[in-house]
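Student:
Residue numbers (my numbering): 1 to 377.
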């Protein structure tokens, strides 16, 4: 169905104002924290709304924070119970390691814990070869995933983050990758774990998460440290408080954990989640032609919850895009239009509007009866 601007739709009064975009007065942003990193960002994870950033779109190496994408691609394309044989290519990779043995067979689940907690470069190669057929094949999958996320300033060359001049990302892109990964329940469970014991055959390994925030920051639940002499100290971090999940990145920092705390403290001190549109309340009615009913109520598929500045009591702008008229039959939950909601800083959240019920065409007898009434009237 072709979607046009609202003309003849009958709108109800909502809990927010329907006004024109140019009339919005953009509020001043709260003063941001001073961090030591070359690039940093903190976002609200469900909306990917940027709450604060410095040089957030600057291309930089990201060291082992690369492994967030490695884990995500592996989880989306493999099974945790897959048995992975360690090749000579994966054995003895330089840098941080989970100390895999040549020829060892180990579950993908344990490799993922070794990847994210122990930061095993060897685990990254073993995973890549198993999922992608080769390191090169897996890296293509990583880049394909980045493209599907709409990330234009990220390029992967390795699955572990060992340095290559063509291996880079930005704080913004990395935050989007992490937010996407955290929507995977298994990934979220792995990166929030402080410890893990791997028992593979006769080999037992004990892993302790390198992310100190899991011990000393309220609500911390992820995600990954990183370091090379080229990238400097890097950290992707996350925490949830009062129903708001934030994700942040600090690249080339002199104190990654201090920077992370400053950024998250800023987010939690200045923003809170607010229900803007309920999925249980109709947003708009549209006219229906040739149907058993003349009006159709449209709803959002899910609640629209947005991070707003604490204490904000103003209105939210909306833009409703629906057809002039819907023609029966219309199926319940079918997409009919769009609703875009803008916050005080003109950040937008766009969702689909769906039919609240099924409206069929009238039967032939009903149609004749209507025509008679119309003629008689």
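Every residue, glycine too, gets a C-beta built ideally from N, C-alpha and C. Predicted model only: the values in this text are computed from it and were never measured.
Residue 238 and residue 47 - do their beta-carbons sit closer together than 7 angstroms?
Tutor: no
Student: In whole angstroms, what is the alpha-carbon distance linking residue 95 and residue 231?
Tutor: 14 angstroms
Student: Under three-state DSSP, which class holds residue 129?
Tutor: Residue 129 falls in the helix class under three-state DSSP.
Student: CA-CA distance, residue 331 and residue 304?
Tutor: 23 angstroms
Student: Considering only the beta carbon of each residue, do residue 234 and residue 123 sit closer than 7 angstroms?
Tutor: no
Student: Among residues of its own chain, excluding the 5 on either side of residue 262, which ones have a beta-carbon nearer than 7 angstroms to its beta-carbon?
Tutor: 33 and 35
Student: Name the residue from 355, 43 and 51 whose alpha carbon lies nearest to the alpha carbon of residue 283.
Tutor: 355
Student: Within a Cβ cutoff of 6 angstroms, which residues of the same chain sit near residue 109, ignoring the five residues on either side of it in sequence?
Tutor: 80
Student: Taking only runs of the beta strand (DSSP E) that begin and end inside the stretch 255–306, which ones reach a length of at least 3 residues, in chain order?
Tutor: 271–277, 284–289 and 295–300
Student: For residue 75, does the three-state DSSP call read helix, strand or coil?
Tutor: helix
Student: Considering residue 189, what are the terminal residues of the alpha helix (DSSP H) in which it resides?
Tutor: First-last of the alpha helix (DSSP H) with residue 189: 185–191.
Student: Count the other CB atoms, across all protein chains shown, that sit within 10 Å of the CB of residue 326; report buried if there are 16 or more and exposed otherwise.
Tutor: buried
Student: Nearest by alpha-carbon distance to residue 191: which of 160, 223 and 181 is it?
Tutor: It is 223 whose Cα lies nearest to the Cα of residue 191.
Student: Quick one, are the C-beta atoms of residue 288 and residue 298 less than 7 angstroms apart?
Tutor: no
Student: Going by Cα to Cα distance, which pick from 200, 126, 193 and 197 is closest to residue 209?
Tutor: 193
Student: Sorted by chain position, which residues of the same chain lie with C-beta nearer than 8 angstroms to residue 55's C-beta, five sequence neighbours on each side aside?
Tutor: 38, 39, 40 and 171
Student: Compare the beta carbon distance of residue 337 and residue 321 with 7 angstroms and say whether it is the shorter of the two.
Tutor: yes
Student: What whole-angstrom Cβ distance do residue 72 and residue 184 have, given they're in contact under 8 angstroms?
Tutor: 7 angstroms
Student: Can you find at least 3 beta carbon pairs, one from the stretch 126–136 and one from the stretch 152–162, that sit closer than 8 angstroms?
Tutor: yes
Student: Measure the CB-CB distance between residue 127 and residue 74 and report whether it falls below 7 angstroms.
Tutor: yes
Student: Is residue 378 helix, strand or coil when you go by DSSP?
Tutor: There is simply no residue 378 to check, as the chain begins at 1 and stops at 377 in what is shown.
Student: From residue 136 to residue 166, what distance separates their C-alpha atoms?
Tutor: 14 angstroms
Student: Which residues mark the beginning and the end of the beta strand (DSSP E) in which residue 216 is found?
Tutor: It is not in any beta strand (DSSP E) - residue 216 instead sits in the alpha helix (DSSP H) that spans 213–216.
Student: Give a yes or no on whether 7 angstroms exceeds the smallest Cβ distance from residue 323 to chain C.
Tutor: No chain C appears in this structure, which consists of one protein chain only.
Student: Pick helix, strand or coil for residue 148, following the three-state DSSP scheme.
Tutor: helix
Student: As a quick exercise: from 314, 359 and 254, pick the residue whose alpha carbon is nearest that of residue 393.
Tutor: Because the chain is modelled from 1 through 377, residue 393 falls outside the range shown and cannot be assessed.
Student: For residue 155, list the residues DSSP reports as bridge partners.
Tutor: Per DSSP, 168.
Student: Counting only runs of 4+ residues fully inside the stretch 45–131, write out the alpha helix (DSSP H) ranges in chain order.
Tutor: For the stretch 45–131, whole alpha helix (DSSP H) runs of length 4 or above, ordered along the chain, are 67–77 and 108–116.
Student: For residue 5, count neighbouring C-beta atoms within 10 Å of its own C-beta (all shown protein chains included) and say buried if the count is 16 or more, exposed if not.
Tutor: Below a pLDDT of 50, predicted positions are generally treated as unreliable, and residue 5, at 38, falls in that range; the measurement from the model is reported next regardless. Result: exposed.
Student: Considering just the uninterrupted stretch of the beta strand (DSSP E) at residue 318, what are its terminal residues?
Tutor: DSSP places residue 318 inside the beta strand (DSSP E), whose first and last residues are 317–321.
Student: Out of curiosity, what's the CA-to-CA distance linking residue 175 and residue 92?
Tutor: 30 angstroms
Student: Have a look at residue 309 and residue 315 and give me their C-alpha separation to the nearest angstrom.
Tutor: 12 angstroms
Student: Keeping to the same chain, check which residues put their C-beta closer than 6 angstroms to that of residue 277; ignore five residues upstream and five downstream.
Tutor: Taking C-beta separations shorter than 6 angstroms and ignoring five residues to either side along the sequence, the partners of residue 277 in its chain run 300 and 304, following chain order.
Student: Keeping to the same chain, check which residues put their C-beta closer than 7 angstroms to that of residue 319; ignore five residues upstream and five downstream.
Tutor: 340
Student: For residue 245, which option in 225, 267 and 229 has the closest C-alpha, if you only look at C-alpha atoms?
Tutor: 267
Student: Name the DSSP beta bridge partners of residue 40, please?
Tutor: 54 and 250
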